[in-house]
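Position one of the sequence shown corresponds to residue 138 (this note's numbering), numbered consecutively onward.
Structure record follows, encoded as structure tokens.
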Amino acid sequence: MTDQRPITTTDAGIPAPSDHDSLSVGPNGPLLLQDHYLIQKMAQFNRERVPERVVHAKGGGAFGFMEITEDVSQFTKAKLFQKGARTDLLLRFSTVAGELGFPDTVRDPRGFAMKFYTEDGNYDLVGNNTPVFFIRDPSKFSDFIHSQKRRSDNHLHDHNMQWDFWTLRTESAHQVTFLMSDRGTPYSWRHMNGYGSHTFMWINAAGEKFWVKYHFKTDQGIRNFTDTEAAETTALDRDFHLRDLSRAISAGEHPSWTVQVQIMPFEDAADYRFNPFDLTKIWPHGDYPPITIGRFTLNRNPDDYFTQIEQAAFEPANMVPGIAASPDKMLQGRLFSYPDTHRYRIGPNYLQLPVNRPRVPVHSYNKDGAMRYENYGDPVYAPNSVGGPQADPSPYEGESYSVTGEIVRAAYTLHAEDDDYGQPRALYDNVLSETDRANLANNIVGHASRPEVTAEVKARVVEYWRNVSKHLGDNVARGLGVNGS
Numbered sequence: 138m139t140d141q142r143p144i145t146t147t148d149a150g151i152p153a154p155s156d157h158d159s160l161s162v163g164p165n166g167p168l169l170l171q172d173h174y175l176i177q178k179m180a181q182f183n184r185e186r187v188p189e190r191v192v193h194a195k196g197g198g199a200f201g202f203m204e205i206t207e208d209v210s211q212f213t214k215a216k217l218f219q220k221g222a223r224t225d226l227l228l229r230f231s232t233v234a235g236e237l238g239f240p241d242t243v244r245d246p247r248g249f250a251m252k253f254y255t256e257d258g259n260y261d262l263v264g265n266n267t268p269v270f271f272i273r274d275p276s277k278f279s280d281f282i283h284s285q286k287r288r289s290d291n292h293l294h295d296h297n298m299q300w301d302f303w304t305l306r307t308e309s310a311h312q313v314t315f316l317m318s319d320r321g322t323p324y325s326w327r328h329m330n331g332y333g334s335h336t337f338m339w340i341n342a343a344g345e346k347f348w349v350k351y352h353f354k355t356d357q358g359i360r361n362f363t364d365t366e367a368a369e370t371t372a373l374d375r376d377f378h379l380r381d382l383s384r385a386i387s388a389g390e391h392p393s394w395t396v397q398v399q400i401m402p403f404e405d406a407a408d409y410r411f412n413p414f415d416l417t418k419i420w421p422h423g424d425y426p427p428i429t430i431g432r433f434t435l436n437r438n439p440d441d442y443f444t445q446i447e448q449a450a451f452e453p454a455n456m457v458p459g460i461a462a463s464p465d466k467m468l469q470g471r472l473f474s475y476p477d478t479h480r481y482r483i484g485p486n487y488l489q490l491p492v493n494r495p496r497v498p499v500h501s502y503n504k505d506g507a508m509r510y511e512n513y514g515d516p517v518y519a520p521n522s523v524g525g526p527q528a529d530p531s532p533y534e535g536e537s538y539s540v541t542g543e544i545v546r547a548a549y550t551l552h553a554e555d556d557d558y559g560q561p562r563a564l565y566d567n568v569l570s571e572t573d574r575a576n577l578a579n580n581i582v583g584h585a586s587r588p589e590v591t592a593e594v595k596a597r598v599v600e601y602w603r604n605v606s607k608h609l610g611d612n613v614a615r616g617l618g619v620n621g622s
């Protein structure tokens with residue numbers, strides 16, 4: 138019977154001389170530099186790994202689609218959010234602090250990054266499984282991440298560094314309350330919510346502007362590990378979340394999320410009781426009730442992890458007409474940092490990779506650079522008189538708004554009810570169950586009881602949590618053996 142398998146080739150498509158043996162001087166002699174196929178295989182192998190992401194390195198994802206079932210055209214003209222629109226998407230889940238091989242069930246926020254392949258180009262919505270974050274100014278981002286990574290001297294994670302940073306930046310309290318609750322150890326990616334986290338701007342066809350926050354509520358229901366269960370699962374399977382998502386989709390158990398938005402009239406932001414652009418704050422649902430507008434479903438696993446997930450590049454700067462940035466300082470910083478990271482990690486032409494490439498034609502004056510495989514031809518400059526593409530500003534009409542003020546380095550201007558502890562206190566008092574509150578205290582004590590956490594930092598930990606809730610702080614104090622009230 139004739140063997141129907143294809144012939145092995147070099148990467149240039151040339152038939153390979155052997156799948157097994159290198160070219161040598163006799164069977165036992167030295168190898169020859171002229172063995173191009175051996176050199177190609179070794180050189181390619183040496184370069185298989187691109188630099189891993191500095192944050193969100195460990196993750197996985199899947200493809201699916203979003204369907205909009207409600208009319209929100211009064212708020213945005215973005216085509217993917219029009220009633221009846223169906224848009225293909227890629228969703229990547231991740232942990233934040235760990236490296237590529239790190240367990241995915243450890244206590245950490247989870248990235249929730251979405252790429253929508255729209256008829257107006259790619260729209261990237263890069264969020265987390267929490268509606269808030271640890272800091273409100275991007276100048277502190279690298280410091281925050283360094284406190285969660287490994288020490289310079291012994292290359293170990295250090296809980297003292299984490300609590301040292303958190304207790305000195307009290308804006309972190311809202312996010313750390315989420316993190317130290319059982320929501321910091323979700324049972325699976327399928328059983329957690331996602332959030333756009335930042336505030337964005339929506340613009341309708343008439344040029345009217347609104348502020349918007351995105352919520353993605355899991356249809357599978359919230360399910361979390363306790364700290365003990367998470368540790369046990371980590372010991373058994375470092376890839377539990379990755380395996381769970383792949384298995385569920387392969388079995389036809391396609392996870393879905395209900396898409397909701399909070400809408401704030403543009404004028405409300407100026408004197409709203411909290412700064413609506415502060416990433417450490419939520420908009421209370423009583424003020425701006427979430428509106429259900431559709432659902433998205435994941436129904437296809439990647440065919441190749443590296444090309445479709447590891448090389449997937451998400452950037453908040455990718456916003457289609459009808460969607461724009463807000464003055465959220467953290468969002469403003471990410472508009473630059475994300476694409477800059479991709480140019481370093483994957484290369485300047487990362488948007489030509491299939492997973493990142495838009496589903497619409499690209500007409501650009503960018504050219505050349507490493508790994509470019511499609512140039513757009515002459516003319517290579519604008520303006521020109523030879524029929525090259527030209528910009529159309531009309532889809533972006535209505536995005537502009539007035540800002541005033543001197544150029545300063547300053548924190549946000551405080552609104553009437555702005556503080557660092559009020560919202561985490563409301564989360565503790567009004568949202569968490571009695572079991573959740575008990576587990577939160579135990580998780581904090583366990584995390585801050587590590588040998589490297591100093592007595593001085595433990596005392597600050599207790600004060601930090603007493604500012605959220607005296608009841609919680611006293612429980613933490615007893616658990617840590619810290620005296621005082």
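Glycine included, C-beta positions come from ideal geometry on N, C-alpha and C.
All values reported here derive from a predicted model rather than from experimental measurement.
Using three-state DSSP, classify residue i as helix, strand or coil.
i: Phe202; result: strand
i: Ala342; result: coil
i: Ala563; result: helix
i: Ala407; result: helix
i: Thr417; result: coil
i: Asn165; result: coil
i: Thr224; result: strand
i: Asn183; result: helix
i: Leu175; result: helix
i: Leu435; result: strand
i: Ile446; result: helix
i: Ile151; result: coil
i: Val398; result: strand
i: Pro520; result: coil
i: Gly83; result: Here the chain comprises residues numbered 138 to 622, so residue 83 is not present and cannot be evaluated.
i: Thr145; result: coil
i: Lys354; result: strand
i: Val191; result: coil
i: Arg229; result: strand
i: Asn361; result: strand
i: Val349; result: strand
i: Phe337; result: strand
Confirm, please, whether the CB-CB distance from residue j to residue i is below 8 angstroms.
i: Tyr549; j: Ala310; result: no
i: Trp348; j: Ala406; result: yes
i: Gly580; j: Asp364; result: According to the sequence shown, residue 580 is Asn rather than Gly. Yes, these two residues count as a Cβ contact at 8 angstroms.
i: Phe230; j: Gly196; result: yes
i: His584; j: Phe411; result: no
i: Pro439; j: Gly238; result: no
i: Trp452; j: Tyr475; result: First, the residue type needs correcting, since residue 452 is Glu and not Trp in the sequence shown. Yes.
i: Glu589; j: His283; result: no
i: Thr336; j: Lys346; result: no
i: Val457; j: Tyr332; result: no
i: Leu170; j: Ser161; result: no
Enumerate in chain order the residues of its own chain whose CB-to-CB distance from residue i is below 7 angstroms, with the five nearest sequence positions on each side excluded.
i: Val582; result: Val613, Gly616 and Leu617
i: Phe377; result: Asp241, Thr242 and Thr370
i: Ser501; result: Tyr513
i: Ala385; result: Arg327 and Pro392
i: Val517; result: Tyr502 and Lys504
i: Pro246; result: Val233, Asn265, Asn266, Thr267 and Leu316
i: Phe270; result: Gln312, Ser334, Leu416, Thr417 and Met467
For the candidate residues the options, whose alpha-carbon lies nearest to that of residue i?
i: Pro624; options: Phe433, Ile419 and Thr434; result: Since the first residue of the chain shown is 138 and the last is 622, residue 624 is not available in this structure.
i: Leu262; options: Ser325, Asn412, Leu472 and Phe278; result: Leu472
i: Gly201; options: Arg603, Asn604 and Gly389; result: Gly389
i: Gln399; options: Arg587, Leu379 and Ile430; result: Ile430
i: Arg482; options: Val192, Gln560 and Ala149; result: Val192
i: Leu416; options: Gln560, Pro167 and Tyr254; result: Gln560
i: Leu217; options: Val233, Asn521, Tyr254 and Arg273; result: Tyr254
i: Tyr174; options: Ser155, Gly163, Asn183 and Pro188; result: Ser155
i: Val568; options: Thr147, Ile205 and Pro421; result: Pro421
i: Asn455; options: Pro167, Gln448, Arg494 and Gln445; result: Arg494
i: Gln397; options: Ala368, Gln141, Phe353 and Leu379; result: Phe353
Who are the near neighbours of residue i in its chain, counting only those whose CB is closer than 6 angstroms to its CB and skipping five residues on each side?
i: Arg509; result: Asn486
i: Arg375; result: Pro240
i: Ser564; result: The sequence shown places Leu at residue 564, rather than the Ser named in the question. Counting only Cβ-Cβ distances below 6 angstroms, and skipping sequence neighbours, we find Thr314.
i: Asp636; result: Because residue 636 is not part of the residues shown, which for the chain are 138 to 622, the question remains open.
i: Met467; result: Pro275 and Leu416
i: Gly221; result: none
i: Thr224; result: Met203, Leu217, Phe253 and Thr255
What does a CB cutoff of less than 8 angstroms around residue i pick up in its chain, not counting 5 residues either side in sequence?
i: Ala507; result: Gly484, Pro485 and Asn486
i: Met317; result: Arg244, Leu577, Asn580, Ile581 and His584
i: Leu226; result: Phe200, Gly201, Phe202, Met203, Met251, Lys252, Phe253, Tyr254 and Phe433
Are any of the Cβ atoms in chain B nearer than 8 angstroms to that of residue i?
i: Ile581; result: Looking for chain B here will not work: only one protein chain is present.
>> Threshold first: 4 residues or longer. Then list the alpha helix (DSSP H) segments lying entirely within the stretch 240 to 308, N to C.
In response: 278 to 285 and 296 to 305
>> Suppose only complete runs of 4+ residues qualify. What are the alpha helix (DSSP H) ranges in the stretch 553 to 608, listed by chain order?
In response: 559 to 563, 571 to 585 and 592 to 605
> What residue ranges within the stretch 458 to 489 form continuous alpha helix (DSSP H) runs of no fewer than 4 residues, ordered along the chain?
Replying inline: 466 to 482
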